[in-house]
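Only one structure is covered here, and it is reproduced in the block below.
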Amino acid sequence: MSRTTILSLAGIGAVIALAAYTTLSQTRVECEVWMEYNGHAEHRTAASANREETVRSAVTSACATLAGDMGDQMRCARTPPQRVECRER
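Here our numbering is used: the first residue of the sequence shown is 63, the next is one more, and so on.
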């Protein structure tokens, strides 16, 4: 391999490593959320910097599967989760 190719691959690897590090270092809370809407249940896991944001993300993900249209998704998101389990990372 030429020197240019090696330097290019090293640079790409460094950028990928930096992106992974910054993404993972911001994730401090992981939550599992159990939702029920219109007689159906769904379980989702999410992770982010704080508990509130993490729970909201997991609820939104679960409701996207449970609800048929945007109105249902909004109503589902206002439904309290059946269970929430969070842990610090």
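Virtual Cβ for every residue (Gly too), placed ideally from N, Cα, C. All values derive from a computational prediction rather than experimental measurement.
Practice prompt. Classify residue 149 as helix, strand or coil using the three-state DSSP reduction.
Written response: Position 87 of the sequence shown, counting from 1, holds the residue named residue 149. It is a strand residue.
Worksheet item: For the putative contact between residue 139 and residue 127, defined by C-beta atoms under 8 Å, what is the C-beta separation to the nearest angstrom?
Response: Numbered from its first residue, the sequence shown carries residue 139 at position 77. Numbered from its first residue, the sequence shown carries residue 127 at position 65. Residue 139 to residue 127, Cβ: 12 Å. No contact.
Item to complete: Label residue 97 either buried or exposed according to how many other C-beta atoms from any shown protein chain fall within 10 Å of its C-beta, with 16 as the threshold for buried.
Response: For the purposes of this step, residue 97 is identified with residue 35 of the sequence shown, where counting begins at 1. Classification for residue 97: buried.
Worksheet item: Within 7 Å: the Cβ of residue 131 and any heavy atom of the ligand COA?
Response: With respect to small molecules bound, the structure shown includes none, and the ligand COA cannot be examined in it.
Practice prompt. Kindly indicate which three-state DSSP category residue 97 falls into: helix, strand or coil?
Written response: For the purposes of this step, residue 97 is identified with residue 35 of the sequence shown, where counting begins at 1. Three-state DSSP puts residue 97 in a strand.
Item to complete: May I have the straight-line CA-CA distance separating residue 116 from residue 145, to the nearest angstrom?
Response: Residue numbering aside, residue 116 sits at position 54 when the sequence shown is read from its first letter. Residue numbering aside, residue 145 sits at position 83 when the sequence shown is read from its first letter. Looking at the two C-alpha atoms, the distance is approximately 14 Å.
Practice prompt. Excluding the 5 residues preceding and the 5 following residue 125 in the sequence, name in chain order all residues of the same chain whose CB lies nearer than 6 Å to its CB.
Written response: One-based indexing of the sequence shown puts residue 125 at position 63. Contacts found: 135, 138 and 139.
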